[in-house]
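Below: one structure, written as structure tokens.
There are 2 protein chains.
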Amino acid sequence: MTTDPSVLSIALLHHPVLNKAGETIGSAVTNLDLHDISRAARTYGVSDFFVATPYTDQRRLIEEIVDHWQNGHGASANPARREALGVVRPATDLDEIRGALFDRYQIRPLVVATSARPQSREIGYGELRRRIRAGTSPVLLVFGTAHGLAPEIIDAADGVLPPIAARSDYNHLSVRSAVSILLDRLMDRDRYQ
Amino acid sequence: MTTDPSVLSIALLHHPVLNKAGETIGSAVTNLDLHDISRAARTYGVSDFFVATPYTDQRRLIEEIVDHWQNGHGASANPARREALGVVRPATDLDEIRGALFDRYQIRPLVVATSARPQSREIGYGELRRRIRAGTSPVLLVFGTAHGLAPEIIDAADGVLPPIAARSDYNHLSVRSAVSILLDRLMDRDRYQ
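Protein sequence lines, in the order shown, are assigned to chains A and B.
Residue numbering for the first sequence follows my numbering, beginning at 1 and increasing consecutively.
Residue numbering for the second sequence follows my numbering, beginning at 1001 and increasing consecutively.
See the structure below:
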């Protein structure tokens, strides 16, 4: 079983993430995250948009939202939205997502975390684009809700992308904006001039 | 009076825009558009985020949202959000925005429309980056809500940017994603590698 050279998956974690005080919390699933990020994922050819939360009722909420747009009134009212939400995969945590990708491709995924703060073990945008195109392993890009991924997720990743607006004096993008910009940088970089 | 070489303003129009059937409508102001787009605008150094609607009650809603985060409870609870929403300017329509920019800079702004569909009179990303950096005139980037800007806005602009995902088989980004990606392409293109 081989991987598609352009396989990129993304994961949005609701736990463990940080709150404003830097404490580890679990955040609530946000309807618009599912819509905006699945639309960007589908646009840039992302195979899977994993939405992870350890809370059963929150995973049920994800399933209900997706079901409405996949099979309910939303599916006939808005076929484009139906198609976008088809990439959403509810999950429990990052370990489960790693396992699902390994089971599918029989290759350990390259797990790349994201952060608005500079981190050690950075992997540059150019390098990650090359890794995605080489297709030697599936790549999973991990995003945090609230005030970002907890240190244990960052530390367990294979690398971390540099902050999007590293030189700006203000760096408080929504996770919806951050995902959109990173997909454009990684998946569309040479297509526009 | 001179312009700052890096002056870029953006406008989000709620009228005249298209609905799914291609009819011209006025759309409702969306709270999260203000938050996500103002955060991206502030991150990329955009001077003004004009939010235009001809409806008085909708402009009042914009003012109330901004006031909550500038002066109300939100200002002390979240200083970063206060700073972001400081770039929001309620407006009536595109003519009023053009006039405000002309009054400020005494130079006619270059008005560039955006569309998910290919249009004639395209201005490329590289060309627009050069125009912004040259600083010979303020640049206004115009976005539509709902299913995009009405033809009369596209036709009256000085140029139109190519669709973001021109080669994708799916091109239904949220306006929040579209603004974020275009600001990154225009304002941050040479800063990351």
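C-beta atoms are modelled at their ideal positions from N, C-alpha and C, and glycine is treated no differently.
Identification of residues in the region 24-53 of chain A having a C-beta nearer than 9 Å to some C-beta of chain B yields L32, H35, D36, I37, R39, A40, R42, T43, Y44, G45, given in sequence order. Taking the beta carbon of Y170(A) as reference, the chain B residues within 7 Å of it are R1042, T1043, E1083, listed in sequence order. Judged by DSSP in its simplified three-state form, A1166(B) adopts coil rather than helix or strand.
Here R1059(B) has T1053, P1090 as same chain residues with Cβ atoms under 7 Å from its own Cβ, once five neighbours each way along the sequence are excluded. Where V1066(B) is concerned, the enclosing alpha helix (DSSP H) starts and stops at 1056-1070.
Closer than 9 Å at the C-beta level to chain A, one finds no residue of the region 1102-1117 of chain B. The beta carbons of V112(A) and I123(A) sit closer together than 8 Å. Assigned with DSSP and collapsed to three states, V1179(B) falls in helix. Just so you know, the alpha carbons of A75(A) and I25(A) end up roughly 34 Å apart. Under the Cβ distance rule, L173(A) counts among the residues neighbouring chain B, one pair being separated by less than 8 Å. The C-alpha of A11(A) lies about 35 Å from the C-alpha of V1007(B). About 14 Å separates the beta carbons of L1173(B) and A178(A), which is beyond the 8 Å limit, so they are not a contact pair.
When C-alpha distances from K20(A) are compared across R1117(B), L1141(B), A1077(B), the shortest belongs to A1077(B).
In this chain, the alpha helix (DSSP H) harbouring L1032(B) covers 1031-1043. A Cβ of chain A is located within less than 8 Å of the beta carbon of A1165(B). The residues S9, P109, P138, L140, in chain order, have a CB closer than 7 Å to that of L101(A) in the same chain once the five nearest residues on each side in sequence are set aside. At a cut-off of 8 Å, the C-beta of R1129(B) has no neighbouring C-beta in chain A.
The residues L13, H15, A52, P54, in chain order, have a CB closer than 8 Å to that of D93(A) in the same chain once the five nearest residues on each side in sequence are set aside. Among the CB atoms of chain B, one or more fall inside 8 Å of the CB of A80(A).
By a beta-carbon distance limit of 8 Å, V17(A) does not contact D48(A). Their separation comes to about 20 Å. I153(A) carries a helical assignment under DSSP once its states are collapsed to helix, strand and coil. Against chain B, the beta carbon of R176(A) has neighbours under 9 Å at L1032, D1036, S1174, R1176, S1177, S1180, listed in chain order. Look at D184(A): its C-beta is under 8 Å from a C-beta on chain B. The Cβ atoms of R1129(B) and V1160(B) lie no closer than 8 Å to each other.
With 16 or more other Cβ atoms from the protein chains shown falling within 10 Å of its own Cβ, T1145(B) counts as buried.
DSSP, reduced to helix, strand and coil, places P1090(B) within a strand of the structure shown.
Taking CB atoms only, D1057(B) has no neighbour in chain A less than 8 Å away. Listed along chain A is no residue with a C-beta nearer than 8 Å to that of D1155(B); the closest approach is about 23 Å. I132(A) sits away from L182(A), with the two beta carbons spaced by 8 Å or more.
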